[in-house]
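These protein sequences, in sequence, are chains W and C. Quick note: the first sequence, position 189, residue 189 per UniProt numbering, numbers continuous. Quick note: the second sequence, position 313, residue 313 per UniProt numbering, numbers continuous. Think of the CB as a built atom: it goes at the ideal place given N, C-alpha and C, for glycine as much as any other residue.
Number of protein chains: 2
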Amino acid sequence: MSKITLKDLAKMLKMSISTVSKGLNDSYEISEATKKKIRQLAEKHNYQPNLFAKNLKIGKTNTIGIIIPFMANPVQSQILEGAHKAALENNYHIVFMQSRDNNIIEKSCIEFLINQNVDGIMISPASQESNVEYIKHVHENITPIILFDRVEYPLETHKVGVNSFVGTYNATKHLLEIGRKRIAVLCGKNLGVTSERLNGYLKALEDNSISIDQDLIIYCDYNKTKEQMDYELKKELMKLMKQENAPDAILGTTDTLTTRVLGILSETKYSVPEDLAVIGFANTELAQSLNPSLSTIKQPAFDIGYIATNKLIRLSNEKDRSDFPYESILLETTIQLRNSTKI
Amino acid sequence: MSKITLKDLAKMLKMSISTVSKGLNDSYEISEATKKKIRQLAEKHNYQPNLFAKNLKIGKTNTIGIIIPFMANPVQSQILEGAHKAALENNYHIVFMQSRDNNIIEKSCIEFLINQNVDGIMISPASQESNVEYIKHVHENITPIILFDRVEYPLETHKVGVNSFVGTYNATKHLLEIGRKRIAVLCGKNLGVTSERLNGYLKALEDNSISIDQDLIIYCDYNKTKEQMDYELKKELMKLMKQENAPDAILGTTDTLTTRVLGILSETKYSVPEDLAVIGFANTELAQSLNPSLSTIKQPAFDIGYIATNKLIRLSNEKDRSDFPYESILLETTIQLRNSTKI
DNA sequence: TTGTATGCGTTATCAT
DNA sequence: ATGATAACGCATACAA
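Next up, the structure:
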């Protein structure tokens, strides 16, 4: 029941190994008649080339590395699902690593992947300035790197993410349309996605002639523990709510922040959406199980993974990278309005 | 910047390739002095053996296959995280596949993994009777298979899952303690985990002298679409609620069912926990963001993945599998009581 | 204790 | 159009 090899096929066909190899690789040197015979026998025995031998010979691994912050996270696992599909279709393997939003772990992930001889790396950076020099060095000298998800990062390469600006712009616009005027916005400190998402919010206010109040912009530090983050966010929020000019809506710029703030609010006397309308980035199916159901900005996470992986695989096969200029692909988000922003 | 090979090291050390190889593999044939020299140089140049050459030679791939129903699912992705850690620690790779709860896809996943020459396969079966004969055949003749998560499946092998019985027993007991007597239970049709989880529920009722009402046992068909499933579950539930003897609590035996029923209830006039207390299997952090926060039976998903992977790796390295009898490891669940079951 | 030679399953170069 | 042979990097049986 052991694997069939070229040698086996050659013996059965009474041909040489190299003829069989060339036949299966559709070489112009082999006659159609022979190719047909070879293919038929290979098919019959379900011949599968030994990837280890092949890769050893070719010097490629047909493997790409993917570095994500956390895999047990709805967006990330959906991205991974898309990446998985693309890899499968191209006969590639994936080695995935988790940076846990930590620069040092991130670097060791990259080093590990390089040692694994991957043909390329996809990374969603731990932060806007994590390992910039090192990543640049790897990209230029060792193996191609492309960015996904968190694409606001100083590296010239392919980037696949979402149009953050439009997502928060539309969400903010919606809040204004239902009559909310004091919109608090939750941002990730040092997170690459923050600036564009904040810009969308600011532009929407500006376009609707609402003055901007810096107090309504709340930054949360992802480097702290969940408990610490929740505690600080709650404090900040409660301070605002007690002011004369209390907010009447909340916009979450990341999945994490959007879902956590709901838990925080449920512990307080403020109700959603009566006191505070809530909308934000969130990719969880659970949004509709929440009470009230949560209005969300949904990212095409699967597509991000799928497209990015295809890009990387193609890039890793280019002889000369300068032939193909780098692209930034920003997919559009979709807004799902539910009860948390009901008028 | 290309990789350093044994040949390079040998040249620098003025030794033969085989001496260096043996030295690095700590062979008894090599003197300590030489070993030391070899190791130092290898360390200095960060030598990493080429896995493709090594595997080609050894005939092992150092790769295991993992088949899960869906990866973008909290429990599954947490299991995968544990598996990932174990694999990393043992210098193994993971190729993961998704069966999408479908027997046919499941079979093709197995075939794919066999073609990849994996050293073993971990599987969470699509259903209780999916591909039984084929899986048995693979396990006995091709590559070892172990079961995780959904371990109620007719195959003699290592199994790593949770103690389903105790989980639902305790949850049911809790519902009784807070005074609920008419507990509806949501089950997955044809799902391996169902029987034990249902048994836990039944035993708890029995121990508390509550008579069993078959009408309160609701089966949901995982082969239908989400919309269809939701529709049918809602209908069933509403029918019960209109009866004289309406249920006053719901127990969900899977993550999917527990979270979905919340969404369904929020569309009705019935409130949680006043009309219906809700508790069930669920591994999502979001449980506390829900309103009311959801009481859950939590599975040690990370541990399941970690332990199962270690088991499989060890099993794949046994010369004679019969030396080591198969084990069934059932980890305990934990119950987190929150507002959805408040008295 | 160290070195030489062989082969794992491919692909590719060079005959024939 | 087909076949013999070398090489990829490694481990190992055997020779020295």
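Item: Test item: CB-CB of GLU111/W and ALA72/C under 8 angstroms; Value: no
Item: Residue from SER99/W, GLY305/W and SER195/W whose Cα sits closest to the Cα of PRO69/W; Value: SER99/W
Item: 8 angstroms Cβ cutoff, ARG260/W in contact with chain C; Value: yes
Item: Residue of THR157/C, ASP149/C and GLU129/C minimising C-alpha distance to HIS139/C; Value: THR157/C
Item: Residue of LYS159/C, LEU257/C, LYS235/C and TYR201/C minimising C-alpha distance to GLU327/C; Value: LYS159/C
Item: CB contact check: HIS93/C to chain W, cutoff 8 angstroms; Value: yes
Item: Simplified DSSP assignment, three categories, for HIS93/C; Value: strand
Item: 8 angstroms Cβ cutoff met for ASN283/C and ALA301/C; Value: yes
Item: Host alpha helix (DSSP H) of ILE38/W (start-end); Value: 32-44
Item: Against chain W: residues of the segment 264-276 of chain C by CB proximity under 7 angstroms; Value: SER266
Item: Residue interval of the beta strand (DSSP E) (run including GLN336/C); Value: 334-336
Item: Chain C contact for GLN288/W (CB, 8 angstroms cutoff); Value: yes
Item: Distance between beta carbons of THR256/C and VAL193/C, contact taken as under 8 angstroms; Value: Not really, about 11 angstroms apart at Cβ, beyond 8 angstroms.
Item: C-alpha distance - ASN163/W paired with TYR153/W, whole-angstrom precision; Value: 15 angstroms
Item: Residues from the segment 52-64 of chain C in contact with chain W, defined by Cβ distance under 8 angstroms; Value: PHE52, ALA53, ASN55, LEU56 and THR61
Item: Beta carbon of THR63/W nearer than 8 angstroms to that of VAL118/W; Value: yes
Item: Distance between LEU56/W and LYS54/C (C-alpha atoms, nearest Å); Value: 10 angstroms
Item: Complete beta strand (DSSP E) runs within the segment 83-168 of chain W (minimum length 3 residues, chain order); Value: 93-98, 120-123, 145-148 and 159-162
Item: Chain-ordered neighbours of GLN48/W on chain C, where CB pairs are closer than 7 angstroms; Value: ASN115
Item: Length of the line joining the Cα atoms of ILE183/C and TYR231/C; Value: 21 angstroms
Item: Partners in chain W for ASN310/C, counting only beta-carbon separations shorter than 7 angstroms; Value: Simply none; closest approach about 19 angstroms.
Item: Cβ-based burial, MET238/W [other Cβ within 10 Å; buried from 16]; Value: exposed
Item: ARG260/C classed as buried or exposed, judged by whether at least 16 other C-beta atoms fall within 10 angstroms; Value: buried
Item: Check whether ILE335/W and ASN199/W have beta carbons under 8 angstroms apart; Value: no
Item: Beta-carbon proximity list for ASN102/C, same chain, < 7 angstroms, skipping 5 on both sides; Value: ALA126
Item: Selected residue, minimal CA-CA separation from LYS60/W, among GLY120/W, CYS187/W, LEU88/W and ALA10/W; Value: GLY120/W
Item: Any non-hydrogen atom of the ligand SAM closer than 7 angstroms to LEU337/C Cβ; Value: Looking at this structure, you won't find the ligand SAM or any other ligand, since it has none at all.
Item: Supposed contact pair HIS174/C and LEU290/C - C-beta distance, whole angstroms, cut 8 angstroms; Value: Contact flag wrong, Cβ pair sits at about 18 angstroms.
Item: Three-state secondary structure (DSSP) of PHE324/W; Value: coil
Item: Local Cβ density within 10 Å of ASN141/C, reported as buried at 16 or more and exposed below that; Value: exposed
Item: Chain W contact for ALA238/C (CB, 8 angstroms cutoff); Value: Residue identity differs from the one stated: residue 238/C is Met in this sequence, not Ala. So no, MET238/C is outside the interface.
Item: Between the CA atoms of ASN115/W and THR34/C - distance to the nearest angstrom; Value: 25 angstroms
Item: LYS11/C versus ASN46/C: straight-line alpha-carbon distance, rounded; Value: 16 angstroms
Item: Residue environment, LYS311/W, which counts as buried when at least 16 other CB atoms sit within 10 Å; Value: buried
Item: Burial state of PHE324/W (16 or more Cβ within 10 Å); Value: exposed
Item: Proximity of ILE279/C and SER295/C at Cβ, strictly below 8 angstroms; Value: yes
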